[in-house]
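Structure, as structure tokens:
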Amino acid sequence: MSSKKKKGGGGGKGSGKEKELMNSSWAYESARNLDKTHLANIGIAPCGTSPEAEAVPFSHKRSLNRDAASFEPLDETEEEKTTKYNNSSRNGSDNFGVGYLDESTFGSRPREADKHGAAHEDSIYKVMSHNFGKAKEQIIRNDSAHSLRSKGLEAAYMSKRDEEEVQRLKSRGSKTGKSNRSSFSAEDAEHSQLLTGQVDWLHLMSDEEHRENMKALTGLEFSVWDYSQRELVGLAWSMYYDADLIEEFQIPAEKFHNFILAIFAKSHDVPYHNYFHYFIVLHTSWLLLKLNPIVMSNLTKTDILGCLTGAIGHDADHPGLTNSFLSATKHWLSIRYNDLSVLENHHCATTYTILSRDECNIFCNLKSEDWKATRNVIVSAILNTDMARHFNLVANFDKMFKNKTMYECCANRNLRNQIVSMIVHCADISNPVKPWFIAKRFADSVAEEFRKQVEQEKSHGVPCTPHMLGLDTKGQAKMELGFIDVFTWPAMVALNSVLPNLEVCFQNMEQNREFWQDIMESNLSSRSSSGGKLSDQNSFGK
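Quick note on numbering: the sequence shown equals residues -9 to 532 in our numbering.
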């Protein structure tokens, strides 16, 4: 990939620009040595929701790892909630009144997952005050900006490991910017703000690195848990680049980086509907298109842009609870959206709230007609992920595309929107089409999230959702078998009429169904999510 040089800026050493950068940076090492009382005074909150953290009395406390318990039903008047919502929106906050720019310790979740698939590290502290801390050393001075810009770099503050990486990059005269998997761990404490002005890592990606990304991505066995958030940003960039969206729509690397991280920051501390799921739906949507180049060539670029962007944002700010729970508890979101696709409407609004921020606006260079067309695709795709629409979506898809040629399938915008919506919906429910070690791990996360909702339902005195009860080993197997037979298999059959190269998806579903059947009949739990050897059948184009 060819790198793009960016115009540098800023005054000389000691200028106002440098001081501004100094004031907006932070030092993680200093934060670790401060006691919690002092942290409270300067506006730093411990990560997580421990009683000690909750007791810290400061007004700007934010937690990236918000749990479902914080997603309370309506206990204020609608007028009060609406006022709070409007105020938070004007302040760049999400619909729960939590500013996503305040929740920007991206990558604070370690890659090695616990039983929920996402380990937590209470020792990580997040900086909530822009005036805190000793700034990191400015490794790129303005007096050398010109020479660095020739390598695609800009003046920035970086962590020590970032600095070492750039020095290695400079010394070998390479245009690569990829770090190893430990480079941006939680202890590096990625920046407390979106990385506006940071080194343009994405445009520094070499062709070799892009090929490595494609090799990792081009298969159903892709394991999202093996990558840091920063690496996932690079993988997302490679998918957009592979689909020819970066050049077509002149998407700035910096804004793309910020957008993906801002979406990730919407991840709650829930077992399943977190940023791992966000990304895997993006990946699966891209892969379904990748497997069918004829379909991809008949869709417009705005269709594909809407497909991938809708996929990554389709569950943004998901609380780990269902629409039925929100309606039953008279949650303010259910009132705002009149009990109709409540969460899906919220996910769509959240995605566009992020896109409305200049630093995250990957659509900044779209023509007006392209922006409108892309929005139409995204809204349709996200709203159609509502499981209440599943049966109508599948039935209508069968009717609309039966016995049609590919040209006829993509003849007008409405038909193309239906194809994109079905792709994103199938990606959303695609866990059973993955190899067993991935399908089982996601299934365990779903079961755990359902158990947590049952606890919430009991605590709020509303009826428990029947299919979420009794999820022991056999109960989980029964639920997964039903999900395959009722939802995933019929949807994939319908999609297969337009996207034909899905044989491996059906092979995996058959194999996973046998595994779940064995577990249900024998009460065996020995088929762990880590067992089994990968088959070449799950890889494409390798």
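Ideal Cβ positions, reconstructed from N, Cα and C, are used throughout, including at glycine.
Rounded C-alpha distance that separates E202 from C338:
Taking the straight line joining both Cα atoms gives about 32 Å.
Just confirm the distance between the C-beta atoms of M510 and K468, as a whole number of angstroms; I'd bet it's less than 8 Å.
Right, the Cβ-Cβ distance comes to about 6 Å (below 8 Å), so this counts as a contact.
Backbone CA spacing between S83 and H258 [nearest angstrom]:
Note that S83 scores 38 on pLDDT, short of 50, meaning its location in the model is unreliable and no value can be drawn from it.
Looking at the secondary structure, which residues open and close the alpha helix (DSSP H) in which S275 lies?
Membership of S275 in the alpha helix (DSSP H) is indicated by the continuous run 265 to 280.
Is it a yes or a no for the region 482 to 489 touching the region 380 to 398, going by three-plus beta-carbon pairs under 8 Å?
Yes, they touch.
Below 8 Å, how does it come out for the region 306 to 320 and the region 286 to 298: are there three or more Cβ pairs, yes or no?
Flag = no, the region 306 to 320 and the region 286 to 298 do not touch.
Could you pull the start and end residues of the alpha helix (DSSP H) that W361 belongs to?
W361: member of the alpha helix (DSSP H) spanning 358 to 373, first to last residue.
How far does the alpha helix (DSSP H) with K448 in it reach, from first residue to last?
Residues 426 to 449.
T274 and S411: beta carbons closer than 7 Å?
No, the pair does not count as a contact, with Cβ atoms beyond the cut-off.
In its own chain, which residues sit with a C-beta less than 6 Å from the C-beta of S228, not counting the 5 before and 5 after it?
Within the same chain, S228 has close Cβ partners H200, N203.
Output needed for L352: all residues of its chain with C-beta closer than 6 Å, excluding positions within five of it in sequence on either side, in chain order.
Correcting the residue type first, residue 352 is Ile in the shown sequence and not Leu. Once the five neighbours on either side are set aside, the close Cβ partners of I352 are I241, K245, F246, F249.
Does the contact criterion of 3 or more C-beta pairs under 8 Å hold for the region 454 to 474 versus the region 365 to 378?
Contact between the region 454 to 474 and the region 365 to 378 is absent: fewer than three C-beta pairs spanning the two stretches fall below 8 Å.
Could you compute how far the alpha carbon of E359 sits from the alpha carbon of R365?
One C-alpha to the other measures close to 10 Å.
Taking its Cβ as the centre, do 16 or more other Cβ atoms sit within 10 Å of F381, making it buried, or is it exposed?
Label assigned to F381: exposed.
Leaving out five residues on either side along the sequence, give the residues of the same chain with a beta carbon under 7 Å from the beta carbon of H457.
Excluding sequence neighbours, H457 sits near M469.
Helix, strand or coil: how does DSSP classify G209 here?
Note: G209 maps to strand in three-state DSSP.
Does DSSP put D291 in a helix, in a strand, or in coil?
Reading the sequence as shown, one finds Lys at residue 291 and not Asp. Under the three-state reduction of DSSP output, K291 falls in the helix class.
Report the three-state DSSP secondary structure of S346 (helix, strand or coil).
In the structure shown, the three-state DSSP call for S346 is coil.
Three CB pairs or more closer than 8 Å across the region 220 to 234 and the region 275 to 285
The way I'd put it, the region 220 to 234 does touch the region 275 to 285; three or more beta-carbon pairs between them come closer than 8 Å.
How far does the alpha helix (DSSP H) with Q408 in it extend, from its first residue to its last?
For Q408, the enclosing alpha helix (DSSP H) covers residues 403 to 418.
For a test of the three-state rule: what should DSSP assign to A481, helix, strand or coil?
DSSP, read as helix, strand or coil, puts A481 in helix.
What are the boundary residues of the alpha helix (DSSP H) that includes W215?
Careful: W215 lies outside any alpha helix (DSSP H) and carries neither H nor E.
May I ask you to report which of helix, strand or coil DSSP gives A306?
In this structure, A306 counts as coil in the three-state DSSP scheme.
Out of L298, Q497, S324, which one is the CA nearest neighbour of L210?
Residue nearest to L210 within the set L298, Q497, S324 is Q497 (criterion: CA-CA distance).
Of the residues Q501, D376, Q443, the one placed nearest D329, counting alpha carbons only:
Nearest to D329 by C-alpha distance, out of Q501, D376, Q443, is D376.
If contacts are defined as beta-carbon pairs under 8 Å, then G303 and I253 qualify, I think. What distance do you get, rounded to the angstrom?
So it is a contact: roughly 6 Å between Cβ atoms.
Would A385 be called buried (16 or more neighbouring beta carbons within 10 Å of its own) or exposed?
When all chains shown are included, A385 counts as exposed.
Beta-carbon spacing of V332, N355 below 7 Å:
Against a cut-off of 7 Å, the Cβ pair of N355 and V332 comes out as no contact.
On a CA-only basis, which of A429, I284, V423, K442 is nearest V483? Give me that one, please.
Considering only alpha carbons, the answer is V423.
Excluding sequence positions up to five away, which residues of its chain have a Cβ less than 8 Å from the Cβ of I284?
Answer for I284: M396, listed in chain order.
With K389 as the anchor, note down where its alpha helix (DSSP H) starts and where it stops.
K389 -> alpha helix (DSSP H) spans 380 to 391.
CA-to-CA distance, E221 to L345, given in whole angstroms
Roughly 21 Å separates the two Cα atoms.
What would DSSP say about M195, mapped onto helix, strand or coil?
M195 falls in the coil class under three-state DSSP.
V214 vs D418 beta-carbon contact at 7 Å:
No.
Any heavy atom of the ligand ZN closer than 6 Å to the Cβ of N404?
The ligand content of the structure shown is nil, which means the ligand ZN is not present either.
Excluding the 5 residues preceding and the 5 following P480 in the sequence, name in chain order all residues of the same chain whose CB lies nearer than 8 Å to its CB.
These residues qualify, in order along the chain: V384.
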